[in-house]
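As structure tokens, the structure follows; a few thoughts come after it.
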Amino acid sequence: MGIIVANLFLTLDGVYQAPGGREEDTEGNFAFGGWQAPVSDEEAGTAIGEEIAKIDALLLGRKTYDIFAAYWPHQSDEVGGTLNRVPKFVVSKSLTAPGWAGTTVLPDATAAGRLRDEYGEVHMFGSGVLIRSLLAADVLDRLHVWLYPVTLGQGKRLFDAGTIPVSFRLAEPARSFPKGAVSLVYERAGDVETREMG
1 MGIIVANLFL
11 TLDGVYQAPG
21 GREEDTEGNF
31 AFGGWQAPVS
41 DEEAGTAIGE
51 EIAKIDALLL
61 GRKTYDIFAA
71 YWPHQSDEVG
81 GTLNRVPKFV
91 VSKSLTAPGW
101 AGTTVLPDAT
111 AAGRLRDEYG
121 EVHMFGSGVL
131 IRSLLAADVL
141 DRLHVWLYPV
151 TLGQGKRLFD
161 AGTIPVSFRL
171 AEPARSFPKG
181 AVSLVYERAG
191 DVETREMG
């Protein structure tokens with residue numbers, strides 16, 4: 001059985017909105033699009049490229065799919081080659097005719113979970129709403145957080161009101177990069193436990 005891996009570029013205050021460009025996602029008058037590049041470096045870029053090279057299938061929520069479908073079909077670099085080659089899946093109740101070649105529309109998180117029966121590594125990027133749905137359906141296997149040393153004070157946050165209580169365990173050693181970014185790979189570890197300290 002395969003795994004579903006959510007890759008998320010996250011600020012210290014939990015914002016994942018528009019890391020890649022100023023106009024990527026301006027919803028809510030978000031003023032900090034493109035926040036990732038100034039705090040990224042070549043070593044981190046190489047590590048992200050290595051993660052992308054593992055993809056057997058790409059899974060996205062509707063908003064991220066629209067962003068990716070407008071950009072990646074026109075890119076011919078190594079990352080673009082991978083994303084254009086692999087099968088793509090978008091969870092949406094409204095999309096009927098996806099324009100990015102090789103895309104299949106799925107109705108919900110449960111259907112997305114069944115992709116593990118067909119593919120070794122199903123990777124996601126962004127798609128915070130879908131990540132929360134996959135966690136609720138208990139079909140997200142890994143959460144790969146790329147944590148960057150910046151706070152924004154506004155924007156879409158991964159874990160907000162309504163997040164289900166879940167505990168995680170570190171699945172790989174943490175990696176740090178020259179400009180302060182940290183790669184953290186977590187696997188779901190079950191329910192949240194409580195006890196007194198000491």
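Counting in the UniProt record's numbering, the sequence shown runs from 1 upward without gaps. Backbone N, C-alpha and C fix where the C-beta goes; we use that ideal spot for every residue, glycine too.
Secondary structure at PHE9: strand, using DSSP grouped into helix, strand and coil.
DSSP links ARG132 through a beta bridge to no other residue.
If the five residues before and after LEU10 are omitted, its C-beta is found closer than 6 Å to the C-beta atoms of TYR16, VAL145 and LEU147, all from its own chain and listed in chain order.
In the assembly as shown, PRO19 is a buried residue. Its beta-carbon has 16 or more other beta-carbons within 10 Å.
Each residue's CA atom was taken as its position, placing PRO38 and THR46 some 16 Å apart. If you check the CB distance, GLY2 and GLU187 do not come in under 8 Å. Of the candidates LYS93, VAL86 and ASP138, the residue whose Cα lies closest to the Cα of ARG114 is ASP138.
Taking one beta carbon from each stretch, the region 61-75 and the region 116-131 have 3 or more pairs nearer than 8 Å; the two touch. If the five residues before and after GLY162 are omitted, its C-beta is found closer than 8 Å to the C-beta atoms of ARG132, all from its own chain and listed in chain order. About 5 Å separates the CB atoms of ALA109 and LEU134; that is less than 8 Å, so the two are in contact. Rounded to whole angstroms, the gap between the alpha carbons of ALA44 and ALA189 is 27 Å.
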